[in-house]
Amino acid sequence: MTARAAVLSGLGGYLPPRTVTNEELSARIDTSDEWIRRRTGIRRRHVADPGVSTGDLAVEAGHRALKSAGLGTADTVDMVIMATSTPDHPLPATAPDVAARLGLGPAAAFDMAAGCSGFVYALATATAALVAGHAERVLVIGAEVFSTVLNPADRGTAVIFGDGAGAVVLRAGTTDEPGAVLAVDLGADGTGRDLATIPDGGSRQRATGREPHPDGHYIHMRGKEIFVQAVHGMERSSAAALDKAGWNVGQIDHVVGHQANLRILHSLAQQLGVDRQRVVSHIEEAGNTAAASIPLALADAAARNRFRPHDRLLLTAFGAGLAWGSIALTWPPITPA
Ligand code: UT7
């Protein structure tokens, strides 16, 4: 039986032009190209120039997604959701400014912070709004300038994160259309809050009257612990989304996981019983771009003609919060701009 659904109708990605190679990092911190490639799969990451903000990258990706959806100025977008943990300011949210710069005002616009799972959370929220009839068309953007929260001396984070933005347009449609979002699973466990945190800059630090920590505005991550939890968390969430979609593992054509570490993606594939060939990876080029990683991986794979209409995709993410989520959807006949 067909029902109202959110349908993917546009896709775009944007990486800032400047790249930082593993060799460049090795020249200033105690690491090596060999270690980074072997332990993470990353060869380079893109970094925004000073003065370029998350909102700037989001506007670029948003433009491309709107173009890919074939939307003109007469077409309305009712809602803009921006997933980010590196907003332009604590207040106001970045999304209204991005919406205005894209000419989408007075669309509803707000930010969503769910760490590296932000894009999946935003996609789920957009889906709910479309299915409920609160919106007919939604722009979802994942964007980060993560380089602003990286301690250049911390080799556990400086080598893995990068900057970028990816965006999708969703429209109201039906479940039988290619591009329909068919299942969503979301979850969180705040007891793991210390595994990845930026301690300062929020009300907790002011509430305790604590002096700002010298490194408090940088991300602090317990990488190995998150690694283990990420594999199990994405496996459980993926299984829940597949169950809701009524798919078995053998029916998935592509797994698009959060691009944190190639070894995490391969362990996930192994746990799920999915062939590695079906795992989409963009990490070699972009590193871990947090909330931007899944739409960037989608845009890169789609530009390489990797997906065919009606293919079954599983998106899955895990990150700070702890927060995780998975989405099952079919692929629409679109090309990224
Ligand atoms: O985005 C969402 C949240 N984040 C994640 O999902 C990240 C998940 N975690 C990871 O991707 C990995 O844990 C890292 C890439 C961060 C670290 O890789 P690892 O294989 O877990 O390394 P480790 O921390 O267990 O360290 C292994 C060894 C240590 O040396 P010893 O004690 O064995 O001599 C580290 O000191 O590797 C050393 N090491 C490095 N060596 C060269 C750690 N980082 C580096 C480095 N370069 N960058």
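Residue numbers (UniProt numbering): 1 to 337.
Backbone N, C-alpha and C define an ideal beta-carbon position, used for all residues, glycine too.
Please read all numbers here as calculations on a predicted model, not as lab measurements.
Flag this pair as yes or no: are the beta carbons of residue i and residue j separated by less than 7 Å?
{"i": "T54", "j": "T86", "result": "yes"}
{"i": "A292", "j": "T127", "result": "no"}
{"i": "R312", "j": "Q251", "result": "yes"}
{"i": "A65", "j": "G10", "result": "yes"}
{"i": "P336", "j": "G115", "result": "no"}
{"i": "L314", "j": "S237", "result": "no"}
{"i": "M82", "j": "A135", "result": "no"}
{"i": "A93", "j": "D111", "result": "yes"}
{"i": "D154", "j": "H46", "result": "no"}
{"i": "I264", "j": "V231", "result": "yes"}
{"i": "G257", "j": "Y121", "result": "no"}
{"i": "V59", "j": "R101", "result": "yes"}
{"i": "residue 338", "j": "P96", "result": "Summary: the structure shown does not reach residue 338, with the chain confined to residues 1 through 337, and so no result is reported for it."}
{"i": "L104", "j": "V77", "result": "yes"}
{"i": "V159", "j": "I36", "result": "yes"}
{"i": "G216", "j": "D200", "result": "yes"}
{"i": "L182", "j": "A317", "result": "no"}
{"i": "T175", "j": "A3", "result": "yes"}
{"i": "V228", "j": "I198", "result": "no"}
{"i": "residue 340", "j": "N261", "result": "The requested residue 340 does not occur in the structure, where the chain is confined to residues 1 to 337."}
{"i": "E24", "j": "D33", "result": "no"}
{"i": "P16", "j": "A48", "result": "yes"}
{"i": "Q259", "j": "A297", "result": "yes"}
{"i": "A172", "j": "L130", "result": "yes"}
{"i": "V280", "j": "A301", "result": "yes"}
{"i": "Y14", "j": "L57", "result": "yes"}
Following the continuous alpha helix (DSSP H) through residue i, name the residue where it begins and the one where it ends.
{"i": "R276", "result": "Here R276 belongs to no alpha helix (DSSP H), and DSSP marks it neither H nor E."}
{"i": "E136", "result": "Looking at the DSSP string, E136 is not in any alpha helix (DSSP H), and its letter there is neither H nor E."}
{"i": "residue 357", "result": "The question about residue 357 has no answer, for the chain in this structure spans 1 to 337."}
{"i": "T54", "result": "54–68"}
{"i": "T21", "result": "Taken as a continuous stretch (DSSP letters only), T21 belongs to no alpha helix (DSSP H), being part of the beta strand (DSSP E) at 19–21."}
{"i": "L298", "result": "293–303"}
{"i": "R101", "result": "94–101"}
{"i": "R308", "result": "That residue, R308, is in no alpha helix (DSSP H); it is neither H nor E in DSSP."}
{"i": "E211", "result": "Neither: E211 is in no alpha helix (DSSP H) and is coded neither H nor E."}
{"i": "residue 342", "result": "Residue coverage of the chain in this structure runs from 1 to 337, which leaves residue 342 outside it and unanswerable."}
Residue range of the beta strand (DSSP E) that residue i falls in?
{"i": "R4", "result": "4–14"}
{"i": "V184", "result": "181–188"}
{"i": "D111", "result": "108–112"}
{"i": "W331", "result": "Unbroken run through W331: none, as it is neither H nor E."}
{"i": "T191", "result": "Per DSSP, T191 belongs to no beta strand (DSSP E) and is neither H nor E."}
{"i": "A83", "result": "79–83"}
{"i": "V249", "result": "Careful: V249 lies outside any beta strand (DSSP E) and carries neither H nor E."}
{"i": "R312", "result": "312–319"}
{"i": "R38", "result": "Careful: R38 lies outside any beta strand (DSSP E), inside the alpha helix (DSSP H) at 33–40."}
{"i": "R44", "result": "44–46"}
{"i": "V255", "result": "254–257"}
Just to confirm, does residue i get its C-beta within under 6 Å of one of the non-hydrogen atoms of the ligand GDP?
{"i": "T40", "result": "As far as ligands go, the structure on display features the ligand UT7 and does not contain the ligand GDP."}
State the CB to CB distance for the pair residue i and residue j, rounded to an integer number of angstroms; the pair is presumed to be in contact (CB under 8 Å).
{"i": "D189", "j": "L322", "result": "5 Å"}
{"i": "G179", "j": "P332", "result": "3 Å"}
{"i": "V249", "j": "G273", "result": "5 Å"}
{"i": "F146", "j": "A290", "result": "6 Å"}
{"i": "D253", "j": "R278", "result": "6 Å"}
{"i": "E285", "j": "R44", "result": "6 Å"}
Which whole runs of the alpha helix (DSSP H) in the segment 147–186 are 4 residues long or more, in chain order?
Runs of the alpha helix (DSSP H) inside the segment 147–186: 155–158.
Any contact between the segment 186–197 and the segment 215–225? By contact I mean 3 or more CB pairs, one from each, below 8 Å.
With the cut-off at 8 Å, the segment 186–197 and the segment 215–225 touch.
Quick test of the definition: if touching needs 3 or more C-beta pairs under 8 Å, does the segment 156–170 touch the segment 138–148?
Result yes; three or more Cβ-Cβ pairs closer than 8 Å.
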